[in-house]
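Residue numbers (our numbering), protein chains in the order written: chain A, 1 to 216; chain B, 1001 to 1216. Even glycine gets a Cβ: it sits at the ideal position worked out from N, Cα and C. All figures in this text were calculated on a predicted structure; none of them were measured in a lab.
Protein chains: 2
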Amino acid sequence: MPESNNVRPSGGRHSKEDVAATALLILDQFGLPDLTMRRLASALDVQPGALYWHYPNKQALIAELADRILAPAVLFTDESQGWEGRTQAAAARLRDALLAYRDGAEVVTSTLAIGLGATDLIELFAASIRNGGFDPRTARRASTALVHLVLGHVGQEQQRLQYDGLGVVVDGARPEDARRETEQDDSFAFGVALLIRGLTALEADLTSADRFVWDR
Amino acid sequence: MPESNNVRPSGGRHSKEDVAATALLILDQFGLPDLTMRRLASALDVQPGALYWHYPNKQALIAELADRILAPAVLFTDESQGWEGRTQAAAARLRDALLAYRDGAEVVTSTLAIGLGATDLIELFAASIRNGGFDPRTARRASTALVHLVLGHVGQEQQRLQYDGLGVVVDGARPEDARRETEQDDSFAFGVALLIRGLTALEADLTSADRFVWDR
DNA sequence: ACCTGAACACCGTTCAAGT
DNA sequence: ACCTGAACACCGTTCAAGT
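Set out below in structure tokens:
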């Protein structure tokens, strides 16, 4: 009997949509290393080569997954109080979106590492920072820093989740887990707050006419 | 004729040292994706299986490379003026160390992503920050943020170097290159400065008795 | 102590040909 | 428009056996 937890539509043929959705399922259940073209093909009950009709290569598929993972963070617009609040909220939204899928940060980082989809991500922060009265160049630089901060932090966070997953939880929560989670939350918020605080301080520096404090 | 740009010692046998050094050579010349166990073995004029006598697996080898790449940044101690200067200098040193090898940032990031060698890197910054009078917890958090910032930035930088490598430079420098380089330098220094400025601002906040500006 | 030979269990990608 | 069949050119890792 052919092993098939497959999800083949009644028509018998797949769309780009099917492929991406199934890939996201495998990613979330088994992690990025187990998301292979061959495994994806067999989940779709299809030969490996068939995937290359939908996507030119694996990187393009991963980029599509990155887009879908980021969608909730990018689409959303909020009305928090002040540009600092909106920027912090955007960081939290990005973090939540990455945490929503197993290895989410690695998927996005690897897509960024081949030069795809960076603009949306940076604009996520740049808008709220410009809104604080900063020039576009400053906003772009600070946004880039924020993106690196969030991706790095969530990457580490998800790595620990993997470690913890190896331990067996019988029927209760281990008390260390909760403590570690809040420590992660605090550490994340602290890093983001540092950057934002640096920006406001920079603003103050500039308006007090000492224009080159941060410039080398 | 067997293709062999090999570097086999006169004795006929290799050491961990040989293996790591040759791996670093391949990394620097051809990049991380081309650094395979089989390719490394053939450069050493050895069967692939032989490598597993020296290192238990590929991840361990990569971790060793990460250590060697980071060594110049970690060992060095300087006597810059003030903790801000020392922290900024540490960031510049880390960046230089990563830029010294092709895909250096990716090597270190991937090692960090499997939970190895993180402590040295964080301590690189934590020492100078504690030196500024911050408590260990704050220093650790700020250091972590700085590490993520630097790794993310250099990762992007090295990705662009790869792109540029695809274009053919005939016999002169293209004017855009220099402009882009200084833009990268500035952007890097700006991100680091933002974080440090955030720390000093935080310090000021605390000493002026308003203790919860950054705490949610 | 260090390596060979040979295998195991996989990968991503291509492409003529089918429906 | 979407897929099969079959191949190409690889991977990392293991392990008995050799020197």
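Using beta carbons (cut-off 8 Å, strictly below), is residue i in contact with chain B?
i	result
THR144/A	yes
GLU106/A	yes
LEU199/A	yes
ARG95/A	no
GLY117/A	no
GLN59/A	no
ILE31/A	Correcting the residue identity first, residue 31/A is Gly in this sequence and not Ile. By this cut-off, GLY31/A is not an interface position.
ALA113/A	yes
GLN159/A	yes
LEU206/A	no
ARG130/A	no
LEU202/A	yes
LEU217/A	The requested residue 217/A is not part of the displayed model; chain A covers only 1 to 216.
HIS54/A	no
ARG141/A	yes
GLY49/A	no
Relative to the C-alpha of residue i, which candidate in the options has its C-alpha closest?
i	options	result
GLU1079/B	PRO1048/B, LEU1161/B, ALA1127/B and THR1138/B	ALA1127/B
PHE1245/B	LEU1146/B, ALA1204/B and LEU1202/B	Residue coverage of chain B in this structure runs from 1001 to 1216, which leaves residue 1245/B outside it and unanswerable.
LEU124/A	ILE196/A, LEU112/A and LEU70/A	LEU70/A
ALA1100/B	HIS1054/B, LEU1121/B and LEU1024/B	LEU1024/B
LEU1112/B	ARG137/A, GLU106/A, MET37/A and LEU27/A	GLU106/A
THR138/A	GLU1181/B, ALA1118/B, ILE1114/B and SER1187/B	SER1187/B
ASP185/A	TYR163/A, PRO72/A, HIS148/A and VAL154/A	VAL154/A
ALA118/A	THR144/A, GLY132/A, PHE134/A and ASN131/A	THR144/A
ARG68/A	LEU27/A, ALA204/A and TRP83/A	LEU27/A
ASN131/A	ALA92/A, ASP164/A, GLY82/A and LEU116/A	GLY82/A
ASP96/A	PRO33/A, GLU84/A and PHE76/A	PHE76/A
THR1207/B	TYR1163/B, ILE1196/B, GLN1029/B and GLY1133/B	GLY1133/B
THR1109/B	TYR1163/B, LEU1032/B, PRO1072/B and ARG1038/B	LEU1032/B
GLU1181/B	GLY1165/B, LEU1161/B, ILE1196/B and ARG1197/B	LEU1161/B
PRO56/A	ARG179/A, ALA204/A, ARG140/A and LYS16/A	LYS16/A
TYR163/A	PRO1072/B, LEU1116/B, THR1036/B and LEU1040/B	LEU1116/B
ARG13/A	PHE30/A, THR36/A and HIS54/A	HIS54/A
If you check the beta carbons only, do residue i and residue j fall under 8 Å apart?
i	j	result
GLN156/A	ASP103/A	no
LEU94/A	VAL7/A	no
LEU51/A	ALA142/A	no
GLN59/A	ILE114/A	yes
VAL1192/B	ASP1120/B	no
GLY152/A	HIS1148/B	yes
LEU202/A	LEU1194/B	yes
Counting contacts by CB-CB distance shorter than 8 Å, is residue i in contact with chain A?
i	result
TYR1163/B	yes
GLY1133/B	no
ARG1008/B	no
LEU1098/B	no
HIS1014/B	no
ARG958/B	No statement about residue 958/B is possible, as the shown extent of chain B runs from 1001 to 1216 and does not include it.
ALA1066/B	no
Hey, would you say the C-beta of residue i is under 7 Å away from at least one heavy atom of the ligand NAP?
i	result
SER1015/B	Here there are no bound small molecules, and the ligand NAP is not part of this structure.
Cβ contact check for the region 87 to 102 of chain A and the region 44 to 53 of chain A: 3 or more pairs under 8 Å: Verdict: no, contact absent.
Residues within the region 172 to 194 of chain A neighbouring chain B, beta-carbon criterion of under 7 Å: Within the region 172 to 194 of chain A, the qualifying residues are SER187, ALA189, PHE190, GLY191, ALA193 and LEU194.
The region 1013 to 1026 of chain B in contact with the region 1061 to 1068 of chain B per 3-pair CB rule at 8 Å: Flag = yes, the region 1013 to 1026 of chain B and the region 1061 to 1068 of chain B touch.
Where the region 1072 to 1086 of chain B meets chain A: residues whose CB sits under 8 Å from a CB there: For the region 1072 to 1086 of chain B, which is checked against every Cβ of chain A, not one residue is closer than 8 Å.
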